[in-house]
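Reading through the structure tokens given below for one structure.
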Amino acid sequence: MISVTTEATAAATVAGPLKRLSDEGVSIWLDDLSRERITSGNLAELVEKKHVVGVTTNPSIFQAAIGSGEGYEEQLAELAVRGVTVDEAVRMMTTADVRAAADILRPVYEATGGRDGRVSIEVDPRLAHDTAATIAEAKQLAWLVERPNVLIKIPATRAGLPAITEVIGLGISVNVTLVFSLERYREVMDAYLAGLEKAQRAGLDLSAIHSVASFFVSRVDTEVDRRLAKLGTAGALALRGRAALANARLAYEEYGKVFGSARWTALVPTGAHRQRPLWASTGVKDPAYRDTLYVDELVAPGTVNTMPEATLNATAEHGAVEGDTVTGGYAQARADLAAVEALGIPYDEVVKQLEDEGVAKFEAAWEKLLDAVSTSLRRKGADDV
2 MISVTTEATA
12 AATVAGPLKR
22 LSDEGVSIWL
32 DDLSRERITS
42 GNLAELVEKK
52 HVVGVTTNPS
62 IFQAAIGSGE
72 GYEEQLAELA
82 VRGVTVDEAV
92 RMMTTADVRA
102 AADILRPVYE
112 ATGGRDGRVS
122 IEVDPRLAHD
132 TAATIAEAKQ
142 LAWLVERPNV
152 LIKIPATRAG
162 LPAITEVIGL
172 GISVNVTLVF
182 SLERYREVMD
192 AYLAGLEKAQ
202 RAGLDLSAIH
212 SVASFFVSRV
222 DTEVDRRLAK
232 LGTAGALALR
242 GRAALANARL
252 AYEEYGKVFG
262 SARWTALVPT
272 GAHRQRPLWA
282 STGVKDPAYR
292 DTLYVDELVA
302 PGTVNTMPEA
312 TLNATAEHGA
322 VEGDTVTGGY
332 AQARADLAAV
342 EALGIPYDEV
352 VKQLEDEGVA
362 KFEAAWEKLL
372 DAVSTSLRRK
382 GADDV
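In our numbering, the protein residues as written are 2 to 386.
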């Protein structure tokens, strides 16, 4: 009896911070996906026990999952027999995983009216600077996955902005990724509203369209902290670990302005949904910081936090979720970013560098994935001869 009670208490304790996070209006999404996670029942277990209500993927995640080959052998053999191209093989495998994950999360999608239960898949990162190709790829991915709870990820590059408008205007739900700057975030929200207005003119049901904007967090601290450490003064070192949170909090302030505007109010009667801010890159890169920093300090209603499993587990075990930690911090956030700029670290330069690096990292991961799959297809083809 004592053992059972102890286990029940422990389980309640572990679930506590995640439950509190959900109760504060933060949707918990997992920033990872693999065939093994699907077939083993792990994803379903995270949905059942860890309050996970969505999944995000990116080229790096698929490169890690498919590059290992684990769980993909049978499909690779079939693709090799068919003689498909490497690009087609990768899309067949990635969309199969997203489709299966979407099916697992379908009950969440139904229960939340489409708000959650979402699985994201990204357009080919090599198309990040090609608007027309991004639109075509987004349409193709939506057709291949063919699930109402899929989100097509489009990068927030200059070329990505009109693609966002066009794809939303077609009634396809979108996850805008690689958002780093406040200016670009405002442009992303404008592109989303323009897409809704276009969909409305086309007579589409706006209530069926959902979107999130993935605002990247930890990478901001990584770059700003590197520059602060290079300066090495006491004043510079005291600002480490503050830029990313300041940037995200001010993004939430911008979100409140846009979705409190007359333009948005005019769309509300149509059943349109707000484009929720999604905190991405929430795994802590600096071991000097607590591992739940970008969860505990970014609690605000109507947001999504997509976490690597390590961050999810850390939050479950010892997250300090104590109510809204965003809306009361705008003045301090502005002061923190101003202090960083005063030391000669230009905000615009940092966020532009991060966007360029983000696109380049995803392109590199995609190329590695293509190389790994190409090798596997050749090997499987040779085995069948």
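Cβ coordinates follow ideal geometry from the N, Cα and C atoms, glycine included.
Close Cβ partners of residue i (< 8 Å) along its chain, the five nearest in sequence each way excluded
i, result
"Y348", "S182, L338, V341 and E342"
"A143", "V151, I153 and I173"
"R264", "L194"
"T96", "I122, L142, L145 and V146"
"L251", "L183, Y331, A334, R335 and L338"
"E224", "V351, Q354 and L355"
"V87", "L371, V374, S375 and L378"
"Q64", "A366, W367, K369, L370 and A373"
"S4", "Model confidence at S4 stands at a pLDDT of 34, short of 50, so the residue's coordinates are unreliable and nothing is read from them."
Whole-angstrom distance between residue j and residue i, CA atom to CA atom
i, j, result
"P149", "E356", "29 Å"
"A334", "D325", "15 Å"
"G236", "L294", "22 Å"
"L465", "V327", "Absent from the structure is residue 465, since the part of the chain shown begins at 2 and ends at 386."
"R379", "P126", "24 Å"
"M2", "R291", "For M2, the predicted model reports a pLDDT of 29, less than 50, meaning its position is unreliable; a value from the coordinates is still stated below. Going from the Cα of M2 to the Cα of R291 covers about 36 Å."
"R21", "V48", "16 Å"
"L171", "R241", "43 Å"
"E138", "E75", "26 Å"
"K369", "K231", "32 Å"
"A81", "V175", "32 Å"
"S23", "H52", "7 Å"
"T304", "K381", "44 Å"
"G17", "V285", "21 Å"
"G84", "E71", "21 Å"
"R38", "V109", "18 Å"
"R228", "P278", "27 Å"
"S262", "V124", "31 Å"
"E8", "K50", "Only weak support exists for where E8 lies, its pLDDT of 43 falling under 50; the coordinates are left without a value."
"L299", "A289", "19 Å"
"I169", "I136", "10 Å"
Under 7 Å between C-beta atoms of residue i and residue j
i, j, result
"T158", "S215", "no"
"A133", "V120", "no"
"I105", "T58", "no"
"V54", "L31", "no"
"R187", "E255", "yes"
"P60", "W367", "yes"
"D117", "S41", "no"
"A321", "D287", "no"
"A317", "L19", "yes"
"E310", "D33", "yes"
"A249", "D222", "no"
Per DSSP, cross-strand counterpart(s) of residue i
i, result
"L31", "V56 and M308"
"A281", "F217"
"Y180", "Before going further, note that residue 180 is Val rather than Tyr in the sequence given. Paired residue(s): F216."
Close-in-space but distant-in-sequence residues of the same chain around residue i (CB under 7 Å, 5 per side omitted)
i, result
"S282", "F217, V218, S219 and R220"
"T166", "A192, A195, G196 and K199"
"V360", "P126, A129, P156, T158 and L179"
"R185", "A157"
"Q276", "M190, Y193, S212, V213 and A214"
"M94", "I67, Y73 and Q76"
"A13", "Bear in mind that a pLDDT of 40 at A13, under 50, signals an unreliable position, so the model cannot answer this."
"E323", "none"
"R92", "L145"
"I62", "D33 and L34"
Start and end residues, beta strand (DSSP E) containing residue i
i, result
"S212", "S212 to F217"
"P156", "V151 to P156"
"V120", "R119 to E123"
Extent of the continuous alpha helix (DSSP H) to which residue i belongs
i, result
"I346", "Where I346 is concerned, there is no enclosing alpha helix (DSSP H), given that its DSSP letter is neither H nor E."
"I173", "It is not in any alpha helix (DSSP H) - I173 carries neither H nor E in the DSSP assignment."
"S23", "I3 to D24"
"L251", "A244 to V259"
"E71", "E71 -> no alpha helix (DSSP H), and no H or E assigned at all."
"P108", "R107 to A112"
"V327", "Counting along the chain, V327 falls outside any alpha helix (DSSP H), and DSSP gives it neither H nor E."
"Q47", "Just to set this straight, residue 47 is Leu in the shown sequence, not Gln. Looking at the DSSP string, the run of the alpha helix (DSSP H) that includes L47 is N43 to K50."
"E300", "Per the sequence shown, the amino acid found at residue 300 is Val instead of Glu. Premise fails: V300 is in no alpha helix (DSSP H) and is neither H nor E."
"S138", "Before going on, a small fix: residue 138 reads as Glu here, not Ser. Residues T132 to V146."
"L238", "A235 to L238"
Own chain, CB closer than 6 Å to residue i, minus 5 neighbours either side, in chain order
i, result
"L302", "Looking at the sequence provided, one finds Pro at residue 302 rather than Leu. Once the five neighbours on either side are set aside, the close Cβ partners of P302 are G26."
"P163", "T132"
"S208", "G272"
"V99", "V120, I122 and V146"
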